[in-house]
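A quick write-up on the structure given underneath.
Chains as they are written, first to last, in this note's numbering: chain E, 138 to 422; chain G, 138 to 422.
So this is what it looks like as structure tokens:
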């Protein structure tokens, strides 16, 4: 039984007039950034700052990744109204001990973050990942899929992209002013689609997360919460991200661009094909 | 009357072993990332995730930018103990209505964020900035100072840098896994130094903030809170950052690299010298 969702629309970029170094006027696009206050059963929980592409999935994924809602069937509806910047969530049976569970705060790391509740950290130890693995050819396919995506999403700059793939097939690409929003949006979408990455058979194509941003503790934890054991980034990793990924046996791959990458953790999930690492010959050379 | 601060030390990088695309082992450095739980008068307030270079200034600046403490003389001591990841703050007279003032939460935008209390947004309208301005030559001096700094701070990657300058003179450069931490650390240092940027005379060299990350609402607000009217970034701006900077008359300059930049807001604070914008001749050409 899926929740009813609105499909609130709002422009994702805005034209602004700027002056360049010659003092000449230019009109450029900047990404939108909207405040979205989440109410659960009329109780105000949090204000998210978001680009606003998929606010309903974002709210669902936020509730999921905060572990405030255990199953999507607990949610009756998500109603987003951009006029007032509100997302009204109705649950079927209320949320147990909501006061207590939203009390502690952790301000998480740097680039593309947000706030996660303290209980989240306690839960990491209990997460179990599927036996997913990836070969180097498929990893290169992931990077190629993202390279093509790059060329379209950069019009306004200053956003992060996150993607969910199955093998090298792109399932969903989400951009937001914050990576934590992008990954929460993917989590919400997976819930609506009924995708359970943790239960995917080991012999099928694995689920892979891609992010343009750093592999922070929050990114690693959220991936694990969604049962995705392979995370790829164009950027690097932080110590806490590294440590938690090691504890979980989650495969983190960073500095991934063209045919280069570094595998930071979970190396047993990656099947090297070093022949592929050699750069292809230059056409016509 | 300044607070007593510990000077807690901890390594800023950690060596980790990774595998590259050939399957070859490399040892690389990644930035440290530590949890630091802040207790004020024995009451737990928040857990910050930080690189850990200057935890005492970070905590002071966090208290300042959250507007939990109005004057540094209200703080008796900050005691950081990395063994347990704690920062114990003692105030001289307690903090009024601390329960109420830490109740609402805003999860702020994307890259380099954190959590600010809801009251922060309400306060923006009341901020007043000094009549500071900058000429293009000094702006280029800022970029040159930061370019030199860049070459040293990148050993481990995945950190953001923030700096406070006076004209093009670098006063303090701070890096952290989160920009919000870096700017809070600068705020704490300014407090300890007794620097009041808002009260600086208009005919002196202006205070300038530099950040490697995006000009988000949080960055703009924190700059304004510290009385710094000129903010420069290598990166772009978000809509909320743009809007608030416009409201405050704060000068935001982004995409600033070498001799190029874009002025997004507060253009009356920048004195163009377009002759300087022409790239210098290539040596030997």
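Quick reminder that beta carbons are idealized off the backbone N, C-alpha and C, glycines included.
Examine chain E for any beta-carbon lying closer than 8 Å to the beta-carbon of residue 403/G, and answer yes or no. The count along the second chain starts at 1 and reaches residue 403/G at position 266. Among the residues facing chain E, residue 403/G is not included, as its CB has no counterpart in that chain under 8 Å away.
Alpha carbon of residue 389/G to alpha carbon of residue 286/E, nearest angstrom: Position 252 of the second chain, counted from the first residue, corresponds to residue 389/G. Position 149 of the first chain, counted from the first residue, corresponds to residue 286/E. Rounded to whole angstroms, residue 389/G to residue 286/E spans 30 Å at the Cα level.
Between the segment 332-363 of chain E and chain G, which residues of the former have a C-beta closer than 9 Å to a C-beta of the latter? 350, 351, 352, 353, 354, 355
Distance check for residue 157/E and residue 277/G, CA to CA, integer angstroms please. Working through the second chain from its first residue, we reach residue 277/G at position 140. Working through the first chain from its first residue, we reach residue 157/E at position 20. So the two alpha carbons sit approximately 13 Å from each other.
Can you tell me where the alpha helix (DSSP H) with residue 404/E in it begins and where it stops? Within the first chain, residue 404/E is the residue found at index 267, counting from 1. From DSSP, residue 404/E is part of no alpha helix (DSSP H); its letter is neither H nor E.
Checking the sheet assignment: what are the DSSP bridge partners for residue 312/E? Position 175 of the first chain, counting from 1, holds the residue named residue 312/E. When DSSP reads this structure, residue 312/E sits in a beta bridge with 298/E.
Per the contact definition of three or more C-beta pairs closer than 8 Å, is the segment 316-332 of chain E in contact with the segment 266-275 of chain E? no
May I ask you to list, following chain order, the residues of the segment 373-388 of chain G that have a beta carbon less than 8 Å from some beta carbon of chain E? 373, 374, 375, 376, 377, 378, 379
Determine whether the Cβ of residue 312/G lies closer than 8 Å to any Cβ atom of chain E. For this step, residue 312/G is matched to residue 175 along the second chain. Judged by the 8 Å Cβ criterion, residue 312/G is not in contact with chain E.
Should residue 250/E be flagged as near chain G, meaning a C-beta pair shorter than 8 Å? Against the first chain, residue 250/E aligns to sequence position 113. Per-residue confidence for residue 250/E stands at a pLDDT of 31, beneath the threshold of 50, marking its modelled position as unreliable; the derived number appears in the next sentence. For residue 250/E, the answer is yes, since a Cβ of chain G falls inside 8 Å of its Cβ.
Is it buried or exposed for residue 181/G, if we count other Cβ within 10 angstroms and need 16 for buried? The residue given as residue 181/G occupies position 44 in the second chain. Exposed.
What are the residues that DSSP puts in a beta bridge with residue 344/G? As a first step, residue 344/G must be located in the second chain, where it is residue number 207. Paired residues: 303/G.
Could you compute how far the alpha carbon of residue 352/E sits from the alpha carbon of residue 338/G? Translated into positions along the first chain, residue 352/E becomes position 215. Translated into positions along the second chain, residue 338/G becomes position 201. If I take the Cα positions, the gap works out to 43 Å.
To the nearest angstrom, report how far apart residue 265/G and residue 205/G are at their CA atoms. Start at 1 with the first residue of the second chain, and residue 265/G comes out as number 128. Start at 1 with the first residue of the second chain, and residue 205/G comes out as number 68. In a straight line, the C-alpha of residue 265/G is about 19 Å away from that of residue 205/G.
Supposed close pair residue 376/G, residue 170/E - CB separation, criterion 8 Å: For the purposes of this step, residue 376/G is identified with residue 239 of the second chain, where counting begins at 1. For the purposes of this step, residue 170/E is identified with residue 33 of the first chain, where counting begins at 1. Correct: roughly 4 Å between the Cβ atoms.
Counting along the chain, where does the beta strand (DSSP E) carrying residue 391/E start and finish? Working through the first chain from its first residue, we reach residue 391/E at position 254. Here the beta strand (DSSP E) through residue 391/E covers 388-394.
Are the C-beta atoms of residue 191/E and some chain G residue less than 8 Å apart? Along the first chain, one-based indexing puts residue 191/E at 54. False, the Cβ-Cβ gap to chain G never drops below 8 Å.
In the DSSP output, what is residue 230/E paired with across the bridge? Taking the first residue of the first chain as position 1, residue 230/E is located at position 93. According to DSSP, which records beta bridges pairwise, residue 230/E is partnered with nothing at all.
Which whole-angstrom value is the C-beta distance of residue 355/E and residue 317/E, which I expect to be below 8 Å? In the first chain, the residue the question calls residue 355/E occupies position 218. In the first chain, the residue the question calls residue 317/E occupies position 180. So it is a contact: roughly 6 Å between Cβ atoms.
Amino acids of chain G, ordered along the chain, whose beta-carbon sits closer than 7 Å to that of residue 169/E: As a first step, residue 169/E is located in the first chain; it is residue number 32 there, counting from the start. Simply 376.
What does a CB cutoff of less than 7 Å around residue 383/E pick up in its chain, not counting 5 residues either side in sequence? Against the first chain, residue 383/E aligns to sequence position 246. So the qualifying residues of the chain are 402.
Residue 211/E: contacting residues in chain G (beta-carbon distance under 8 Å): Here residue 211/E corresponds to residue number 74 of the first chain, with the count starting at 1. Result: empty, since nearest Cβ-Cβ is about 22 Å, beyond 8 Å.
Contact check, residue 370/E vs residue 386/E under 8 Å by CB: the rounded distance? Counted from its first residue, the first chain places residue 370/E at position 233. Counted from its first residue, the first chain places residue 386/E at position 249. The Cβ separation is near 18 Å, so there is no contact.
Within the 8 Å Cβ cut-off, does residue 198/E reach chain G? The residue labelled residue 198/E in the question sits at position 61 within the first chain. False, the Cβ-Cβ gap to chain G never drops below 8 Å.
Considering only C-alpha positions, which residue in the set 160/E, 261/E, 228/E, 279/E is nearest to residue 79/E? The structure shown does not extend to residue 79/E, since chain E is modelled only from 138 through 422, so no value can be given for it.
If you measure from the beta carbon of residue 299/G to each beta carbon in chain E, is any gap under 8 Å? In the second chain, the residue the question calls residue 299/G occupies position 162. It does not: the Cβ of residue 299/G has no partner Cβ on chain E nearer than 8 Å.
Just to confirm the assignment, what range does the beta strand (DSSP E) spanning residue 377/E have? The residue you call residue 377/E lines up with position 240 of the first chain. Unbroken run through residue 377/E is the alpha helix (DSSP H), 376-385; no beta strand (DSSP E).
Rounded separation between residue 365/G and residue 146/E - CA only: Counting from 1 along the second chain, the entry for residue 365/G is found at position 228. Counting from 1 along the first chain, the entry for residue 146/E is found at position 9. C-alpha separation (whole angstroms): 36 Å.
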